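Student:
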Amino acid sequence: MAGERILVADDEPDVLDIAVRALTREGYQVTGVSSGLAAVEEAQQQHYDLLIADVKMPGISGLRAYRLIKSFSPDTLGLIITGFGTLEMAIEALRLGVNAFILKP
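Take 113 as the starting number for the sequence shown in our numbering and just add one per residue.
Okay, structure coming up:
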């Protein structure tokens with residue numbers, strides 16, 4: 113649904129840039145941040161329909177950021193991406209209510 117607000121959090125600048133540009137091109141309103149803490153701070157200032165977050169980032173993880181954002185914005189959906197996925201991580205994501213858990217190639 114074009115026009116929805118998406119928050120992308122990834123500490124890899126190239127991945128963040130590609131995601132922001134691709135989603136913007138599709139008509140979404142996209143904000144990119146480079147840490148989990150920055151994602152939480154941004155989501156406190158503006159409502160987002162979707163958080164796309166890498167798991168492993170400096171400071172707080174994408175999973176922790178999602179948990180914190182859901183505490184004050186329960187209708188925000190979550191898509192978690194990682195290059196280092198484990199079964200435990202996937203279970204944790206599902207327990208938190210993440211809508212999708214994707215492994216990076």
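Glycine included, C-beta positions come from ideal geometry on N, C-alpha and C. From a predicted model like this one, the values you see are computed outputs, not experimental measurements.
Based on DSSP bridge pairs, tell me the residues matched to R117.
Tutor: DSSP output for R117 lists Q141 as bridge partner(s).
Student: Is M169 closer than 7 Å to G148 when the C-beta atoms are compared?
Tutor: Result yes, Cβ atoms of G148 and M169 sit closer than 7 Å.
Student: With which residues is F213 paired in a DSSP beta bridge?
Tutor: In the DSSP output, where bridge partners are listed per residue, F213 has I192.
Student: Using three-state DSSP, classify D126 as helix, strand or coil.
Tutor: Correct three-state label for D126: helix.
Student: Can a CB atom of chain C be found closer than 7 Å to the CB of Y160?
Tutor: In the structure shown, chain C cannot be found, because there is only a single protein chain.
Student: For I130, count neighbouring Cβ atoms within 10 angstroms of its own Cβ and tell me buried if that reaches 16, exposed if not.
Tutor: I130 is exposed by the Cβ-count criterion.
Student: Tell me whether I219 sits in a helix, a strand or coil according to DSSP, three-state version.
Tutor: One cannot answer for residue 219 here, as it falls past the ends of the chain, which runs 113 to 217.
Student: Relative to the alpha-carbon of R176, which residue among L199, Q157, I118 and L206 has its alpha-carbon at the smallest distance?
Tutor: Looking at the Cα atoms, L206 is the closest of the given residues.
Student: The alpha helix (DSSP H) spanning I203 covers which residue range?
Tutor: Unbroken alpha helix (DSSP H) run through I203: L199 to L208.
Student: Could you please give me the residues that DSSP links to A165 through a beta bridge?
Tutor: The partner list for A165 (beta bridge, DSSP) reads A121 and I192.
Student: Does I214 pass the burial test, meaning 16 or more other C-beta atoms within 10 Å, or should it be called exposed?
Tutor: It counts as exposed.
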